[in-house]
Structures are given as C-alpha cells and as structure tokens.
Amino acid sequence: MKIKLSFTFLLAFSLIFSQTRTEFEEIAFEFGEIINDACSSASKDLDISIDWESFDTNYITESAEAKIKISWVGSWTGSFYWIKGKLVLDGTQRKILWYKYYDSGGFPSNCSLKVEREYPDIVIVK
377 MKIKLSFTFL LAFSLIFSQT RTEFEEIAFE FGEIINDACS SASKDLDISI DWESFDTNYI
437 TESAEAKIKI SWVGSWTGSF YWIKGKLVLD GTQRKILWYK YYDSGGFPSN CSLKVEREYP
497 DIVIVK
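When we follow our numbering, the leftmost residue of the sequence shown carries the number 377, and every step to the right adds one.
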C-alpha cells in the first residue's frame, strides 16, 4: 500500500525540519565556541561541522542530537586540533548536553568531556 502525502503536508514538514536544523546549527556553533575556549588558550580558524547524516529528532522525548566535530588551529603552535562528540538538545529537561567521544590529543584529560547548559526556551517543533 502506498501513501500519498499532500504537497501542503510535505511543505509544512520541510519547513519544520529546516527550522529545527537551523536552531540546532546555531546551538552547535555556540557550544563549539564554549568548548574551544575551555580547551585552547589561543586559537584561530574555528570550524564546527555537523554530521547531518547522524542528525536525529525524537518528538516524543522532545530531543534532537547529532555528531559534531570542532576544529581549530593553535595560534601559538600552528597545529591543527579537533574534538569529536555528540550534541543533544533535551527538550523535556530543557538542557543542552555535549558528550566528547575523542580528540586529536594534546588536551587535559577532562577537557570538554561533558558540558551541560540549561536553556528554558528549548522547544522541538512538532
């Protein structure tokens, strides 16, 4: 059995999904800056990339998550550094969480392992 979806439904879904991705991207960049500040005393060329293939939303638990890579060049050393992890928007607890997976090395052991912030205005659009 094939289900035909109306153009209006598809357009509405596309706009909601686009809005969620845009908001997620803004938060990812904010967290990238927080983690960069915590792990580097001086850096340049900060880049935050989101693995959109891993992007997932759950409207029941009001959450969204994706894998993130934060990278930069050390101002003093000129070396390239990166940290990979997962960013989670938890709408039920109104928190944004960062979980570090691994990094390029050269950081303190506790650098950016887990970062948590409360955001009362998180809403995953249904």
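Note that beta-carbon positions come from the ideal geometry of N, C-alpha and C, so glycine has one too.
Residue i to residue j span [Cα, whole Å]
| i | j | result |
| --- | --- | --- |
| Val464 | Gly454 | 31 Å |
| Gln469 | Glu441 | 14 Å |
| Lys443 | Thr396 | 15 Å |
| Trp428 | Thr398 | 12 Å |
With 16 other Cβ atoms within 10 Å as the buried cut-off, status of residue i
| i | result |
| --- | --- |
| Thr433 | buried |
| Ile472 | buried |
| Ser447 | buried |
| Gly481 | exposed |
| Trp452 | exposed |
Start-to-end residues for the beta strand (DSSP E) that takes in residue i
| i | result |
| --- | --- |
| Ala418 | Ala418 -> no beta strand (DSSP E), and no H or E assigned at all. |
| Trp474 | 471-479 |
| Trp452 | From DSSP, Trp452 is part of no beta strand (DSSP E); its letter is neither H nor E. |
| Phe456 | 456-466 |
| Glu492 | 490-494 |
Beta-carbon contacts of residue i that lie in its chain and below 8 Å, excluding the five residues immediately before and after
| i | result |
| --- | --- |
| Val514 | The structure shown does not extend to residue 514, since the chain is modelled only from 377 to 502, so the question has no answer here. |
| Glu401 | Ile426 |
| Asp413 | none |
7 Å Cβ shell around residue i - same chain, five flanking residues per side excluded
| i | result |
| --- | --- |
| Cys415 | Ile459, Phe483, Cys487, Ser488 |
| Phe405 | Ile424 |
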